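A.B. asks: Read in order, the letters of the sequence shown are residues 238 to 615 in our numbering.
Encoded as C-alpha cells, here's the structure I'll be asking about.
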Amino acid sequence: FFLARGINIRQAITKLRFCDTPCYRGFFDTMGDRFFVVTIASIMMFTIASCSTTVNAFVPNAIRYGKLGRFGGVLPQFHQQLRSSSSTASTTDDSSEKQKEITTSATQPDEPVPLYRSQGIFAVEKPLDWTSQDVVSYIRGILERDARHRGAKPVKVTSRRNKSKIVRVGHGGTLDPLATGVLVIGVGKGTKEMQGYLTGSKMYTAVGEFGFETTTLDMEGNVTKTGSYDHITMESIDGVLPSLTGTIMQIPPIFSAIRKGGKKLYKEARAGKTAEEMEIEPREVQVHLLELINRDQHAIPKFEIRMECGGGTFVRSIIRDIGYKLDTVATTTTLTRIKSGQFTLDDCIKRDDWNADSIYAAIDKINEERSMEAKEEE
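Here you go:
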C-alpha cells in the first residue's frame with residue numbers, strides 16, 4: 238500500500254510527534270524502507286482488524302499532528318469509511334436492542350403475578366385418619382405449587398419475612414382423625430370471612446357401640462371402662478334421646494382442642510391427666526335433632542344415629558351420654574359430618590380431585606352464588 242502510493246515512509250513517520258526522536262530516526266536509517274514498510278503495514282492491518290476503536294482514536298490525531306502529505310489524503314477517506322461502517326453497525330445494534338426491549342416488554346407483565354387465582358371458601362371430604370390440619374397443609378402445598386408454576390413467589394408459612402407472600406389456608410371446624418365428611422376450607426381472605434359463611438347448624442351420622450368406653454371416646458383410645466348391654470333395646474335407646482335434645486349441658490371429651498387454663502385439653506390428656514384431675518366443666522350446647530337411623534334389634538350392641546347441632550357440640554360425648562343414661566357405657570366407632578353450614582357432602586371435593594383447578598373452580602362457584610344473593614337482596 239505504501240509503496241504503491243510512493244510515500245517516503247521515514248519522512249512521513251518521523252513527522253509524527255511520538256516518533257520524532259533520535260532513537261527512532263537512527264532505527265529507520267539502519268533497517269531500511271522495505272523492512273519497515275512491511276512491519277508498519279502488518280501492525281496497522283492487525284490494529285484495524287482487531288480494534289476499530291483504536292483506529293478511530295489514532296487516525297484523527299495522526300492527521301492533525303503529522304500533516305502526512307499524500308498519506309494524509311488517503312487516511313481521511315479510509316477513516317470516513319470506518320466511521321460509516323461503525324455507525325451502520327451501531328444503528329443495527331440499537332435497532333436490535335429496541336426490538337429486544339419491545340419483545341421483552343410484551344412478554345413480561347407490568348404487574349406482579351397474584352398469589353391466588355381467587356380467594357374464598359370451598360369444602361372437601363376429609364379422608365379417614367387425616368387430621369383437619371393435615372388437610373390444610375396438603376391444600377396449601379397444592380396452591381403453593383400452582384402459584385410458583387404461574388410465576389408467583391410464595392414463601393413458607395413459617396417465614397417471618399414478607400408475610401404477604403404466605404399462601405393462607407384454614408379450616409372451619411375441626412374433625413377428629415377417625416371422622417370423615419364435610420370440612421370447610423378458607424383460602425386467602427376466605428380464612429377471615431369463614432365464620433360468616435358457616436352460620437347455621439352441622440349435621441352428623443354416627444355409629445356407637447355399647448359395652449366399652451375409651452380414653453378418647455372413639456376407637457383410637459385405650460379401653461377404660463366396660464359394661465353389660467343385654468338389657469338394651471332399640472326402644473330404650475329411642476326413649477333417652479329426647480333428654481339429649483335441645484339446650485343441654487355437655488362435658489367435652491378430654492381429647493379435644495378446647496382450652497382450659499390456656500392449655501388444650503388433649504395436651505393435658507397426653508401428659509397422663511384424667512378427666513377428674515382436669516375438672517372439665519360442662520358447657521351449654523344446642524342439639525336440634527337426634528334420632529335413630531337403624532332400628533334393627535339385631536344390630537345391638539351397635540346403633541346408628543343422625544344428629545343436627547350447633548357449633549361446639551361433640552358427637553362423641555352424645556354417644557357416651559346415651560350409654561350412661563342406659564346404665565352402661567358406649568363409644569363412637571364411626572363418625573361422618575354430612576353438613577356444615579351451607580355445605581353438604583354433595584358440595585365437597587373428593588380426595589382424588591384435590592388439585593388447583595378444582596379448588597379454584599369451587600371457590601369461584603361459591604363467590605358467584607354469594608354475588609347473586611347480594612344482588613337479589615338489593
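C-beta atoms are modelled at their ideal positions from N, C-alpha and C, and glycine is treated no differently.
Given the structure is predicted, the values throughout are model-derived calculations rather than measurements.
May I ask you to check if the CB of residue 456 is nearer than 6 Å to at least one heavy atom of the ligand NAP?
C.D. replies: Within the structure as shown, the ligand NAP is missing, as the structure has no ligands at all.
A.B. asks: In chain order, which beta strand (DSSP E) runs of at least 3 residues are fully inside the stretch 487–554?
C.D. replies: 520–529 and 539–546, all fully within the stretch 487–554.
A.B. asks: Going by the beta-carbon positions, is the gap between residue 573 and residue 417 smaller than 7 Å?
C.D. replies: Contact: yes.
A.B. asks: Could you give the first and the last residue of the continuous beta strand (DSSP E) run that contains residue 442?
C.D. replies: Taken as a continuous stretch (DSSP letters only), the beta strand (DSSP E) holding residue 442 covers 439–447.
A.B. asks: By alpha-carbon positions, which one of 577, 582 and 456 ends up nearest to residue 431?
C.D. replies: Considering only alpha carbons, the answer is 577.
A.B. asks: Out of 470, 349, 420 and 481, point me to the one whose CA is closest to residue 522's CA.
C.D. replies: For residue 522, the nearest C-alpha among the options comes from 481.
A.B. asks: Is residue 415 closer than 7 Å to residue 455 when the C-beta atoms are compared?
C.D. replies: Cβ atoms of residue 455 and residue 415: closer than 7 Å.
A.B. asks: At the level of alpha carbons, what is the spacing between residue 542 and residue 535?
C.D. replies: So the two alpha carbons sit approximately 16 Å from each other.
A.B. asks: Give the single residue among 355, 451 and 608 whose Cα lies nearest to the Cα of residue 557.
C.D. replies: The option with the nearest alpha carbon to residue 557 is 451.
A.B. asks: Within the stretch 354–421, note down every full beta strand (DSSP E) run reaching 3 residues or more, in order along the chain.
C.D. replies: As far as the stretch 354–421 is concerned, its whole beta strand (DSSP E) runs of at least 3 residues are 357–363 and 406–408.
A.B. asks: Taking only three categories from DSSP, how would you classify residue 424?
C.D. replies: Strand.
A.B. asks: What does residue 450 pair with, by DSSP beta-bridge criteria?
C.D. replies: Paired residue(s): 462.
A.B. asks: Short check: CB of residue 532 to CB of residue 609, under 7 Å?
C.D. replies: Going by C-beta atoms, residue 532 is not nearer than 7 Å to residue 609.
A.B. asks: By DSSP's criteria, residue 574 is part of a beta bridge. Which residues make up the other side?
C.D. replies: In DSSP, residue 574 forms a bridge with 418 and 441.
A.B. asks: My output table needs one value for residue 586: the three-state DSSP class, helix, strand or coil.
C.D. replies: It is a strand residue.
A.B. asks: How is residue 604 classed by DSSP in three states: helix, strand or coil?
C.D. replies: If DSSP states are grouped into helix, strand and coil, residue 604 belongs with the helices.
A.B. asks: Report buried or exposed for residue 530, applying the criterion of at least 16 other Cβ atoms within 10 angstroms of its Cβ.
C.D. replies: Exposed, by the Cβ-count rule.
A.B. asks: In the structure shown, what three-state DSSP assignment does residue 469 receive?
C.D. replies: Note: residue 469 maps to coil in three-state DSSP.
A.B. asks: Taking the CB atoms as reference points, tell me whether residue 602 and residue 362 lie closer together than 7 Å.
C.D. replies: Taking 7 Å as the Cβ cut-off, residue 602 and residue 362 do not qualify as a contacting pair.
A.B. asks: Report all residues from its chain with a CB closer than 6 Å to the CB of residue 501; omit the five preceding and five following residues, and keep chain order.
C.D. replies: Here the set comprises 494.
A.B. asks: Just to check my reading of the structure: residue 419 and residue 600 have Cβ atoms closer than 8 Å, yes? What is that Cβ distance to the nearest angstrom?
C.D. replies: About 16 Å; that fails the 8 Å criterion.
A.B. asks: When you compare each of 364, 403 and 436 to residue 549 by their alpha carbons, which one comes out closest?
C.D. replies: For residue 549, the nearest C-alpha among the options comes from 436.
A.B. asks: Counting pairs of beta carbons, one from the stretch 510–521 and one from the stretch 399–412, are three or more of them closer than 8 Å?
C.D. replies: The stretch 510–521 is not in contact with the stretch 399–412.
A.B. asks: Give a yes or no on whether the C-beta atoms belonging to residue 566 and residue 462 are separated by under 7 Å.
C.D. replies: Yes. Within cutoff.
A.B. asks: Any idea if residue 508 is buried or exposed, counting beta-carbon neighbours within 10 angstroms, 16 or more meaning buried?
C.D. replies: Under this definition residue 508 is an exposed residue.
A.B. asks: Just to confirm before moving on: does the CB-CB distance between residue 442 and residue 575 stay below 7 Å?
C.D. replies: Yes, Cβ-Cβ distance for residue 442 and residue 575 is below 7 Å.
A.B. asks: Would you kindly work out how many angstroms separate the C-alpha atoms of residue 553 and residue 545, rounded to a whole number?
C.D. replies: So the two alpha carbons sit approximately 14 Å from each other.
A.B. asks: Can the beta-carbon of residue 593 be found less than 7 Å from the beta-carbon of residue 358?
C.D. replies: No; because the gap between Cβ atoms is not below 7 Å, this pair is not in contact.
A.B. asks: With a threshold of 6 Å on Cβ separation, who are the neighbours of residue 458 within its own chain once the five nearest residues in sequence on each side are excluded?
C.D. replies: Result list for residue 458: 451 and 452, in chain order.
A.B. asks: Whose C-beta lies closer than 6 Å to the C-beta of residue 460 among residues of the same chain, with five residues either side of it excluded?
C.D. replies: Counting only Cβ-Cβ distances below 6 Å, and skipping sequence neighbours, we find 449 and 451.
A.B. asks: Buried or exposed: residue 439, going by 16 or more other Cβ atoms within 10 Å of its Cβ?
C.D. replies: Buried is the call here.
A.B. asks: Which residues in the same chain have their Cβ closer than 6 Å to the Cβ of residue 407, if we skip the five residues on either side of it in sequence?
C.D. replies: The residues are 423 and 428.
A.B. asks: Expressed to the nearest angstrom, what Euclidean distance is found between the alpha-carbon atoms of residue 464 and residue 524?
C.D. replies: Approximately 26 Å, taken between the alpha carbons.
A.B. asks: May I ask you to list the residues that DSSP assigns as paired with residue 483?
C.D. replies: According to DSSP, residue 483 bridges with 524.
A.B. asks: Taking the alpha-carbon positions, what's the residue 433 to residue 510 distance?
C.D. replies: So the alpha carbons of these two residues sit roughly 36 Å apart.
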